[in-house]
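Counting in this note's numbering, the sequence shown tops out at residue 1148, every number present.
Just so it is clear, CB atoms sit at the ideal spot from N, CA and C, and this is done for glycine as well.
The next block holds one structure in the form of structure tokens; read it before the comments.
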Amino acid sequence: MSGSAQAPGFDDAWAQWDETHPRTSKDSSIHSDNDDAQAVFTENIETFQYLNPWESQLDLSAGRRAYRDGATIDWTEEETVERMHKNTLRSQPGLRGIILPLLDQARIWVVLIVTGILVGFVGAWLDVLVAWLGDIRTGRCSYGFFYNENSCCSGLDAGEECNEWNTWGEYFGIKSIAATALIQSIIYVVLAMAYSGSAAILVQSYAPYAFHTGIPEIKAILNGYVLDLFLSPWTLLVKGVGLALAVGSGLSLGKEGPLVHVSCCIASIFYDLISRFKGNQAQKRRILSAAASAGVAVAFGSPLGGVLFGLEELDLFARVHIMWRAFVCAVLAAVTLQWTDVFATGNLVLFRVTEGTPWKGFELFPWMILSVFGGLAGALLIRLNIAAAVHRHRSWIRDWPLMEVVCVTAFTSLLSYPIAFMRAQSTNLVGNLFAECDPTKPDYHGLCNVSSMWQNIFGLILTSGFKLGLTAWTFGMKVPAGIFLPTIAIGATMGRAVGIIMQGWHRAHPTAWIFSSCAPEGQCIFPGFYSVIGAAAMLGGVTRMTISLVVIMFELTGALSHVLPIMIAIMVSKWVGDAFGKEGIYDAWIALHGYPFLSTTVEFRDHGETAASRMLSREHIVSINAHHSTVEELEHLLQSYTYRGFPVVDGDQLVGYITRDKLQGAISGLTEQYPDGAAPSDINCTFAGRHDSSYEEADLATSLDPAPLQLRPAVPLQLVVSFFQKMFSCSENPPKELNGPAASGNHGSASAIVRARHVVPSPVPNPFEATPRASPTDEIVIEGLNHPNLFLPIPTTDPLNALLSKYIPTEARPHRDLVGRYEEQTLETLVMSNSWRALARMAKDQIAATPSADTALILDLWSLRLTSLARMRLFNQATAECSNLYSVLNTISPPSVRRQTVPYELEVFHARTIYWSGDLRGYLDELTRLINVCKIMARRDGKSGSWGIWTERGMRTGMMVVTQLIEMQDYPGALEILRPLATSPKAPSEIRFALARIMMEAGDTKSVRLALEGTESDAITIALEAAMLGKWEEAEVILRKAHEDEKENGVIINNLAVVLLACGKLDEAISLLESMLKTSPASFVAVESFLYNLATLYELRSNAAVDRKRNMLREVAQWGGDGIKTASLKLSP
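Pasting the structure below:
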């Protein structure tokens, strides 16, 4: 049955709407006619003559497909499109063929140069902000609040006491030692909790991806993983501000690692600003690799170390020109940082080490001890950190990240304040531990005091142990955090302790044979350099870096003459650490999150096993039939499984392999070929070319990879593992998917398949994958819908409470639930009592408790949550939470799957958020899109019972458009929509009444009766018509009779009161409304028009109007529930 026959009047009405209101939004711009498309194409060609002849006209984005978050890019496709673009530029005639390629390269260098300079400025800004936030916890500058201690005391000679910097006790003039200690400790702890709590709130509310260091995610992104939200502007802002707050709070974390994330965010933002690069994921990763090196260069003042860090830790630079770009970007960032010279040191070295006499051979023994300690402590830190992360995810702590951050901060501050070495900022601590004793400079907490040697040793070892434990837990909380500086501090404190021990031994026994190489006079042992050795060893044990770490350490300290001992320490610590596992801290977190990244450091021994032992047998493989697969079957396959790709088979013969993204893109492209944007579900799809058939067929062979990599089952398993590792070792050409390669039995027969996760087990358990990601389900499973970061806290006050505080004494105020307790009430009771706060809280708790597999229930609860927030008039919060929800829902592809999954009510609510943001035209465009969805679904479901549902939804959405047009005072537009709908035989009477009332509003009384012809008019419409003609007494008679028939009809009562007022019966109107308020308060206090009319009548009576409105306020507070529009009470706030 045709659509028109199924829905008489429905399609015609909306077709007329389409003609008079053409859609301009990009989501709905569908050309249904080939001639129209040809006309548009011709018009585009004709406009080329007005373009700049020196500008490239090739739109790269048109040749690439968009990647969803969580996918992996197709490097081959990206490189192919890039080569085509370059060849197009070179083939331009004349001078353009020379200039255009140069301009194309110049754009890349502009992005790199701007990124390098901005990273330098951001790094300098973070240094200043962190120093001030940390120093302000202990005191303030006497002549300026925004000076840190270093700036406040600048210009003093060495050894001169700084009187401008005052502790809080000195600033407040407190003389008592006990009172001073108390006020200092309170401010120290409270500010720390405020800093870290603010950072956690920023991360949870605005940028969940801004937590942690970011290096594991950057490694995955650079190897092809798509995570665009991780590089968004909001993430950059929150990461920068939150990082300064978190480090300034004194938590055991640093800012060095996250600067890599910050620099990549900056590069990504400028990359996206250049239209030429849009969609070029391969080029984007080359730019990000250079930015990552710049981040390390700024963090440590080490441009060369930054380049080597990218080479060693991030597995970059498969091509020489990428290393060159990274070098330029890192140098520019370092030069900018030194040019700013925020601390007026005049050099780039962060921790200047005094190079004393050449080191002695006997010092290798204590340095070896420090190296072994670094390897053991590094391995222990990794194990403890991963165990803490797993425990955090599986326990109640997961649902209370803010409480965790604040509590850990309070514990850290209370533990640190009594211990001098822990109370200082990590940067200051490490700088003083690296420095040698100098009589012309102040003695840092008595480190150079011989008489307190053992106290210092105990304090340093205690600090090292405490920092190790605190770092293991802190690194992973919901705040931006780096692990470089805490690790350096752990190793430096232990190294300084060993150095002091060796120095004391030499002082006590200078003639011992072990010190025979020392000069008779002068200093032989330099404890500061022992700190450097300890820091390098500890950092090597945690990160397992080697060459880049050596360069970073000597650039960090300037100790070029001591490079060999640093190399030895790092070498030994890595050997010791590798004995307990070869994965560094970043590889461990990559495995923990389940990112598609296979470390090249994993060594595997098969013990005689072959690939056949790890293959999935044919009956366990989810495959696609090469010749007979309908669109409905393919969409069901995508919904039921989360595999990254599927083998395509013809019987037992392997035809090829298709990735998930390409299959979704092929189906989406197929739906776009149909006028209504939805391909018939019974269309057959072939992956082996068209063949003679009597039914419609779609050829998807172009999306197929016909030559997947194949191995024989008898291949040694160790060779298979090595094969996967080498595929991942080069960022320029990693494997397309983790689900391959296919292993054939006999010349391409699809007997089994082997996947990377089957041959190399994850080094740590993945707690974030509660259920198997590839398990079949009855409906699509959307991970993240119940994540606590999607929600915002509900305020515990409202405008009604403010009015009560002003007008009602405390003892006379009715009790109101501003917490949202729902435990002892049913859903029906909460709805009937307008307890929207409790409903919103109940919905949130049930969403969090519902398994991810129950998608339908979660989305229904989301509808309840958002509706409750809107009924409470928390429109900004509802908009924010809806935006968070749709950031997850937008990952569903293709659109047809999303349309089947997301409730229509949620789509309407999402459109409503556009209205709340003030974009009225955008709101109308979105409603128009939803109307078209209703039309498409009504046509498709014409043979089923759901046709009427979609028809009703379309009409109700159309009424929302009408309401908005009336609000915009566009009465002709509203009438133009309603007239064809009202003439439809299937149109409900409500639409005719609405049409009549709009005509009344527009003053067209003649057309009112025509609109209502054939319809039994209700009393309200007849009364309103009489009132418009000035027949108020007639209207009164009609409404009085209607009131007798329906005593509690609020609409009739409201209109009768207005008519009574027009007839001069003010007292009777007040009595009518007051009687209804006393008889059924729960039914009327939530009706805003009722309250507004009664308040207006009180004002017209004038005497005691405020007192009467005060009584009305008390009734509203007692019976109205949440979300009352307080303006309807006409009481000034």
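Euclidean distance between Cα positions of residue 142 and residue 312: 14 Å
Could you name the residues that DSSP lists as bridge partners for residue 720? 672
Buried or exposed, going by whether 16 or more other CB atoms sit within 10 Å of the CB of residue 11? The displayed coordinates of the chain run from 16 to 1148. Any statement about residue 11 would go beyond what the structure contains.
With which residues is residue 801 paired in a DSSP beta bridge? None; residue 801 has no bridge partner.
Determine the burial state of residue 983: buried for a count of at least 16 other Cβ atoms within 10 Å of its Cβ, exposed for fewer. exposed
Any idea what DSSP makes of residue 662, helix, strand or coil? strand
Go ahead and pull the three-state DSSP assignment for residue 510. The answer is helix: DSSP assigns residue 510 an H, G or I state.
Measure from the alpha carbon of residue 802 to the alpha carbon of each residue in 811, 874 and 676, then state which is nearest. Taking residue 802 as reference, the option from 811, 874 and 676 with the minimal CA-CA separation is 874.
Please name the residue, chosen from 976, 907 and 918, that lies closest to residue 940 on a Cα-to-Cα basis. Looking at the Cα atoms, 976 is the closest of the given residues.
Compare the C-alpha of residue 496 against each of 831, 828 and 273 and name the closest. 273
Go ahead and label residue 288 buried or exposed: buried means 16 or more other beta carbons lie within 10 angstroms of its beta carbon, across all protein chains shown. exposed
By the 10 Å Cβ neighbour count, where 16 or more other Cβ atoms means buried, how is residue 523 classified, buried or exposed? exposed
Residue 712 - containing beta strand (DSSP E), residue span: 712–714
Rounding to the nearest angstrom, what Cα-Cα distance links residue 391 and residue 556 in this structure? Spanning the two alpha carbons is a distance of roughly 7 Å.
Which first and last residues belong to the beta strand (DSSP E) in which residue 899 is found? Premise fails: residue 899 lies in the alpha helix (DSSP H), 890–904, not in any beta strand (DSSP E).
Ordered along the chain, which non-local residues of its own chain (more than five positions away) have a Cβ less than 7 Å from that of residue 925? 897 and 901
How far does the alpha helix (DSSP H) with residue 1094 in it extend, from its first residue to its last? 1081–1094
Here's the rule: buried if 16 or more other CB atoms are within 10 angstroms of the residue's CB, otherwise exposed. What is residue 488? By the Cβ-count criterion, residue 488 is buried, with 16 or more other Cβ atoms from all chains shown falling within 10 Å of its own Cβ.
Residue 8, buried or exposed, once every other Cβ within 10 Å from all chains shown has been counted against 16: Outside the displayed span of the chain (16 to 1148) sits residue 8, for which this structure offers no information.
Tell me which residues share the same chain as residue 58 and place their Cβ nearer than 6 Å to its Cβ, disregarding the 5 neighbours each side in the sequence. With a pLDDT of only 33 at residue 58, under the threshold of 50, the placement of this residue in the model should not be trusted; the figure read from the coordinates follows. Result list for residue 58: empty, nothing under 6 Å.
Report yes or no: do the segment 152–172 and the segment 108–126 share at least 3 C-beta pairs separated by less than 8 Å? Three or more Cβ pairs closer than 8 Å define a contact, and the segment 152–172 falls short of that threshold against the segment 108–126.
Could you spell out where the beta strand (DSSP E) holding residue 155 opens and where it closes? 154–156 is the extent of the beta strand (DSSP E) around residue 155.
Can you tell me whether residue 108 is helix, strand or coil according to DSSP? coil
With respect to the beta strand (DSSP E) encompassing residue 604, which residues constitute its N-terminal and C-terminal limits? Segment 600–608 is the alpha helix (DSSP H) holding residue 604; no beta strand (DSSP E) there.
How should residue 418 be labelled, buried or exposed, when 16 other C-beta atoms within 10 angstroms of its C-beta is the threshold for buried? With fewer than 16 other Cβ atoms within 10 Å, it is exposed.
Could you say if the segment 495–514 and the segment 259–278 meet the contact criterion of at least three C-beta pairs nearer than 8 Å? yes
Apply the 10 Å Cβ neighbour rule to residue 646 and answer buried if 16 or more other Cβ atoms are within range, or exposed otherwise. buried
Between the C-alpha atoms of residue 533 and residue 179, what's the straight-line distance to the nearest angstrom? 43 Å
Is residue 987 helix, strand or coil when you go by DSSP? Correct three-state label for residue 987: helix.
Contact set for residue 848: own chain, Cβ-Cβ below 6 Å, skip 5 residues either direction: 1136
Would you say residue 128 reaches chain B, if we count a Cβ-Cβ gap shorter than 7 Å as a contact? No chain B appears in this structure, which consists of one protein chain only.
Indicate whether residue 263 and residue 210 have their beta-carbon atoms separated by less than 7 Å. yes
Suppose you measure from the CA of residue 104 to the CA of residue 883; what does that come to, to the nearest Å? 56 Å
For residue 938 and residue 966, what's the separation of their Cα atoms in angstroms? 21 Å
Can you have a look at residue 734 and say buried or exposed, based on whether 16 or more other CB atoms are within 10 angstroms of its CB? exposed
Where residue 131 falls: helix, strand or coil (DSSP): helix
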